[in-house]
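One structure is given below, encoded as structure tokens.
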Amino acid sequence: MVDTTTAQTPKNPASTLSEGKIKKHIKLTDINYRRNTESDYTEKIEQLDQNFDYSSNSDDYWSEPELSLLYGTPLYEQASLSQKKALNHLYWATQYNQTAATEANAVLYNQVTAGVFETLGGYETLCQELDLETAQERHHIHAFHMMGYQTKRALLGSAFNTSIQGKSYKKNERSKKLELAPISAVIKQSLTDRTSGLIPVAFKGQNLSWSTVQDTSFRFITNKVMLKNQAHCYSNYLKQLDEKGEPIPAQTTGLLGLLAPRPLLQFFTLNCGSSPFLASVFYVTRFMANMLIKNYEYRYSQYYRELEKKQEFIP
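Those letters in the sequence shown? Residues 16 to 330, per our numbering, in order.
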């Protein structure tokens with residue numbers, strides 16, 4: 016008798032291992048998203064942001080005295096108690112101003128990389144996590160800036176003037192938008208017309224600004240030369256900016272702003288928004304940066320816990 020039982024094809028061990036890794040990766044993402052959702056303190060931060068009054072918190076240290084400007088110097092030793100507290104508050108404001116700048120970088124690149132992961136499929140939870148963190152960080156940034164501004168304004172008075180830089184930045188941004196508005200169609204054409212062949216064709220007969228030529232060149236180099244085989248992964252977030260004729264975004268604050276000039280940061284943004292690999296690298300790097308932030312925030316957390324145990328006022 017002939018055995019007609021169909022033998023089961025053994026599974027490829029490598030394939031099984033790969034599937035297991037993918038499932039573990041997705042599972043870890045789900046767990047991280049759930050924890051972030053459950054530990055969302057956005058409402059509390061909003062309340063602190065709205066109700067913060069420096070004069071009501073000026074009589075107490077905001078951390079250990081060691082976390083103060085000029086601590087350990089002869090000048091600090093000669094300062095009065097109120098001056099030492101002021102130096103402690105200024106250190107906090109300066110520290111969290113840098114934190115806000117770092118989070119501003121995260122807000123931008125969260126949106127850029129989420130747009131890449133959307134094109135891949137299967138990473139819906141990761142995209143939701145990035146959207147959640149972006150919303151949370153916007154509230155953090157506003158709160159840190161507002162509290163830092165009030166603190167510095169109260170302590171430094173007329174010596175503290177941040178309006179000039181802010182007005183100058185807004186003016187430059189407005190001028191860029193006005194300058195880009197008439198040529199948005201040219202930018203869009205240069206991005207979509209694959210038969211143009213060379214960049215100069217997009218510029219022919221056009222009176223374009225240097226920033227526009229630079230952005231279009233970056234897009235050409237990235238989308239049609241370096242990463243042309245990954246065009247299908249181009250970030251949806253960057254696509255929307257392209258359609259509006261907006262310049263390539265870049266954050267010039269925080270650590271990235273110290274490491275590279277704006278044009279290089281724009282080129283970096285474009286590549287992060289075109290490569291799943293670079294998007295993943297940023298995600299890992301951002302995770303490591305969060306660990307560094309939590310490391311110095313730990314001392315603040317411990318200080319407030321001690322105050323809570325003693326049932327003392329927590330600034």
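Yeah, the Cβ is synthetic: ideal placement off N, Cα and C, and Gly gets one too.
In this text the structure is predicted, and so the values were computed from the model without any measurement.
Tell me the DSSP secondary structure of S54 in three-state form.
Coil.
Using 8 Å as the Cβ pair cut-off and three pairs as the minimum, do the segment 102-111 and the segment 242-259 touch?
Touching, no, given that fewer than three Cβ pairs across the two stretches are closer than 8 Å.
Would you identify the three-state DSSP class for Y319, choosing helix, strand or coil?
Residue state, collapsed to three classes: helix.
Can you list, in chain order, the residues of its chain whose CB lies under 8 Å from that of P80, leaving out five sequence neighbours each side?
Around P80: Y86, K99, N103.
Taking L271 as the reference, give the member of S295, A119, D74 with the closest Cα.
Among S295, A119, D74, the Cα nearest to that of L271 belongs to A119.
Within the segment 38-83, note down every full alpha helix (DSSP H) run reaching 4 residues or more, in order along the chain.
Those alpha helix (DSSP H) runs which fall completely within the segment 38-83 and span 4+ residues are 57-66, 69-72.
Are the CB atoms of A121 and S250 within a distance shorter than 9 Å?
Taking 9 Å as the Cβ cut-off, S250 and A121 do not qualify as a contacting pair.
Could you check whether the segment 57-73 touches the segment 165-173, counting it as contact only if at least three pairs of C-beta atoms, one from each stretch, sit closer than 8 Å?
Touching, yes, given that three or more Cβ pairs across the two stretches are closer than 8 Å.
When the Cα atoms are used, what is the spatial distance from Q62 to T44?
Cα to Cα, the separation comes out at about 30 Å.
Can you round the beta-carbon distance between H247 and T134 to whole angstroms, since I take them to be within the 8 Å contact cut?
Right, their Cβ atoms sit about 6 Å apart.
I need the DSSP call for G163, collapsed to helix, strand or coil.
Residue state, collapsed to three classes: helix.
Kindly list the residues whose CB is nearer than 6 Å to the CB of T117, restricted to its own chain and excluding five residues on each side of it in sequence; keep chain order.
Hits under 6 Å: G269.
Return the chain-ordered list of same chain residues with a C-beta closer than 7 Å to the C-beta of E78, the five sequence neighbours on each side being excluded.
For the record, residue 78 in the displayed sequence is Ser; it is not Glu. If we look at S78 and ignore the five residues flanking it on each side, its Cβ neighbours are N103, W107, R314, Y315, Y318.
Are the CB atoms of F283 and A304 nearer to each other than 9 Å?
Contact: no.
By Cβ distance below 8 Å, which residues in the same chain neighbour E148 in space, the five residues on each side in sequence not counted?
The residues are N51, A121, N125.
Looking at the unbroken alpha helix (DSSP H) that takes in K99, where does it start and where does it end?
Its alpha helix (DSSP H) spans residues 96-135.
In chain order, which continuous runs of the alpha helix (DSSP H) of length 4 or greater are located wholly inside the segment 240-271?
Fully enclosed alpha helix (DSSP H) runs of 4 or longer: 251-258.
Sort D75, K38, L123 by Cα distance to R301 and report the nearest one.
Closest option to R301, Cα to Cα, is L123.
Could you tell me the distance, in whole angstroms, from the CA atom of E327 to the CA atom of K42?
So the alpha carbons of these two residues sit roughly 42 Å apart.
Report the three-state DSSP secondary structure of G87 (helix, strand or coil).
Coil, per DSSP.
Taking all protein chains shown into account, decide if D230 is buried (16 or more other Cβ within 10 angstroms of its Cβ) or exposed.
With 16 or more Cβ atoms within 10 Å of its Cβ, D230 is classed as buried.
Give me, in chain order, the residues of the same chain whose beta-carbon lies closer than 8 Å to that of M161; leave out the 5 immediate sequence neighbours on both sides.
So the list reads D64, F67, once near-sequence residues are dropped.
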